[in-house]
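The numbering of the sequence shown is my numbering, which starts it at 1 and goes up by one. Even for Gly, the Cβ is constructed at its ideal location relative to N, Cα and C. Taking it in order: structure first as structure tokens, then the write-up.
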Amino acid sequence: MTAIMRQIRKQILTIAGLLCLLGALSAPVAAAPGIVVDPFTGVAASGYDPVSYFIEAEPQRGRPEFEAQWQDVTWYFASAANRDVFLRTPDIYAPQFGGHAAMSLARGYLAEGDPRIFVRYRLKLYFFYSVGNREAFLLSPDAAIASAEANWQRFSAPGAAP
């Protein structure tokens, strides 16, 4: 092997390694099955307090001093009282579908929901990928939820791929 061929081989291996690293860093983070977490902080709901969606006019950012673990994921809360309420009844306050976008699921694909684009419907919290998806959901929420629930079961089955 000539020196030029060795140099080319080294460059190709370096580029391939960097591409693999880039792919690993850009992959979405899924800590517990189905729960979307911030890829930089590892916190669910991008740090928003899930209880605040139900008791405040606008969702509130949680604070690290009021964090809790649920389903092996860190959640932040605006107060100790909100944290305690969540830990007693997380199924009421946690976003549906682990924070994945409800309308995207209804359409058959997984997308991370944006905690700033949400709907409270029938005492449940739903996140959406875009305002357009939220508006589409609101046209027929019961049908969208039924479809999303069926697809959620399919995506969250053992060995399922998104």
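- Put simply, the segment 58-77 touches the segment 87-95. At least three CB pairs are less than 8 Å apart.
- Shown here for Phe118: same chain residues with a beta carbon closer than 6 Å to its own, the five before and five after excluded, namely Phe127 in chain order.
- In the DSSP annotation of this structure, the continuous segment of the alpha helix (DSSP H) that includes Asp142 starts and ends at Pro141 to Phe155.
- Residue pairing of Leu123 in beta bridges, as defined by DSSP: absent, with no partner found.
- Exclusion of the five residues before and after Ala78 leaves Asp49, Ser52, Gln60 and Gly62 as the residues of its chain whose Cβ lies within less than 6 Å of its Cβ.
- In chain order, Ser46 place their CB closer than 6 Å to the CB of Asp38, counting only its own chain and leaving out the 5 sequence neighbours on each side.
- Nearest C-alpha to Arg116 among Asn133, Arg154, Phe40 and Tyr109: Asn133.
- Per DSSP, Arg107 is not a residue of any alpha helix (DSSP H), being assigned neither H nor E.
- The C-beta of Pro64 has fewer than 16 other C-beta atoms within 10 Å across all chains shown, which makes the residue exposed.
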